[in-house]
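Quick note: the sequence shown uses our numbering, first residue 37, plus one each step.
Ideal Cβ positions, reconstructed from N, Cα and C, are used throughout, including at glycine.
The structure presented is a predicted model; accordingly, all values stated were derived computationally and were not measured.
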Amino acid sequence: MTISRWKIARIVSYIILIAYTLLSLFPFLWAALVSFVPLTYTDENGVTKGTDVMSWPPNIRLFEIPPKAFDAPLTLENYVKVFEVVPLYSRWFLNTLIYASLVTIGNILIGTLGGYAFARLRFPLKEFWFMLFLGTMMIPSQVTMIPQYTLMANWDLVNTYSGMVFPKLANIFGLFLMRQFFMNFPKEMEEAARIDGSGFFGTFFKIVLPNARPAIGALAIYTFLGAWNDFQWPLIITSRQEMYTLTLGLNFFKTSYYTFWPYMMAATIIMTIPMIIIFLSFQNQFVETGRAAAVKG
Numbered sequence: 037m038t039i040s041r042w043k044i045a046r047i048v049s050y051i052i053l054i055a056y057t058l059l060s061l062f063p064f065l066w067a068a069l070v071s072f073v074p075l076t077y078t079d080e081n082g083v084t085k086g087t088d089v090m091s092w093p094p095n096i097r098l099f100e101i102p103p104k105a106f107d108a109p110l111t112l113e114n115y116v117k118v119f120e121v122v123p124l125y126s127r128w129f130l131n132t133l134i135y136a137s138l139v140t141i142g143n144i145l146i147g148t149l150g151g152y153a154f155a156r157l158r159f160p161l162k163e164f165w166f167m168l169f170l171g172t173m174m175i176p177s178q179v180t181m182i183p184q185y186t187l188m189a190n191w192d193l194v195n196t197y198s199g200m201v202f203p204k205l206a207n208i209f210g211l212f213l214m215r216q217f218f219m220n221f222p223k224e225m226e227e228a229a230r231i232d233g234s235g236f237f238g239t240f241f242k243i244v245l246p247n248a249r250p251a252i253g254a255l256a257i258y259t260f261l262g263a264w265n266d267f268q269w270p271l272i273i274t275s276r277q278e279m280y281t282l283t284l285g286l287n288f289f290k291t292s293y294y295t296f297w298p299y300m301m302a303a304t305i306i307m308t309i310p311m312i313i314i315f316l317s318f319q320n321q322f323v324e325t326g327r328a329a330a331v332k333g
């Protein structure tokens, strides 16, 4: 009786998880579908019509030749049109890649060094400083927005990569994450390295850091995805179109009266591809970090 109840509970949990997965994927699948739909098409009678991507149901016929949705034949032309309609899109892609990559590298370097210092070193008021840093996580970003911009403007860093990246190089969450990881790191490995003659930095870079790949992978995912999707800070620090990121550039696919949904969805899918690659590249380390935290917790 207990086993059958357990099986029923397991089946119900799977149904709930599958339903939640489909519900979560629906916006992405809808965006992908719309990205293949042309703005206009010619029907069987030779009449040119505009595609109504808001119509429901979407009348999907993927097994026809050519496949259709919203009564229009699917095409890859939108992905080419994105770069023709907005020539700066490739520049915005490069800006976003530079911004997200530099912010990720900076957070990893500062997070690992700072986290290791708080986990292993002894210095006055260590716990006080750590709690003070954690307390800053409760400060809304809107509070620091104007001071950060004023500082960058005084340093003449507006509309520059330095101005975009510098305020985002350190994140207290990364410091906290790496500190908690290093707190659980076996000290015996470090002591063995020091007995073999390795110095402090040698032990850190040769022993500790290579074994911290799961935590670094998790931090890289969090940081890169956050920077890639960041809208507020690039909007504040940039005013020239050449320095825009992709989140700002998507606004150029709509006008005051009309939104070019197929082009915008194609641009969105292109923007999503690097995030998927990063997540798939670091997912093993990400899962390993969660598993280790669960076991040690």
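In this chain, the alpha helix (DSSP H) harbouring Lys-117 covers 113-121. Judged by pairs of C-beta atoms under 8 Å, the stretch 286-304 does not touch the stretch 142-155, as fewer than three such pairs exist. Of all alpha-carbon atoms in Gly-171, Tyr-280, Met-307, Trp-297, the one lying nearest the alpha-carbon of Phe-106 is that of Trp-297. The criterion of a C-beta distance shorter than 7 Å is satisfied by Val-139 and Lys-204. The shortest CA-to-CA distance from Ala-254 to any of Phe-315, Thr-304, Leu-61, Leu-75 is the one to Phe-315. Runs of alpha helix (DSSP H) with 4 or more residues, each lying fully within the stretch 170-202, are found at 177-190, 197-201, listed in chain order.
Ile-273 is not a Cβ neighbour of Met-181, given a cutoff of 7 Å. Excluding the 5 residues flanking it on each side, Phe-166 has same chain C-beta neighbours closer than 6 Å at Phe-154, in chain order.
The stretch 218-230 makes contact with the stretch 244-261: 3 or more CB pairs, one atom from each, lie closer than 8 Å. If you check the CB distance, Val-179 and Met-188 do not come in under 7 Å. It is roughly 52 Å from the alpha-carbon of Ser-60 to the alpha-carbon of Ile-231.
Look at Pro-310 here: in three-state DSSP terms it is helix. By alpha-carbon distance to Leu-286, the top candidate from Ser-126, Pro-160, Phe-218 is Ser-126. Residue pairing from DSSP places Arg-97 in a beta bridge opposite Lys-104.
Annotated three-state conformation of Tyr-299 is helix, per DSSP. Contact check for Met-214 and Ser-71: beta-carbon distance about 38 Å, past the 8 Å limit, so the pair fails to qualify. Less than 7 Å separates the beta-carbon of Thr-76 from that of Gly-86. Non-local beta-carbon contacts of Phe-236 in its own chain, meaning distances under 6 Å to residues more than five positions away in sequence, are absent. The beta carbon of Ala-206 sits closer than 6 Å to those of Ile-146, all from its chain and outside the five residues before and after it, given in chain order. Under the DSSP definition of a beta bridge, Thr-76 partners with Gly-86. Within a 10 Å sphere around the beta-carbon of Ala-263 sit 16 or more other beta-carbons, which makes this residue buried.
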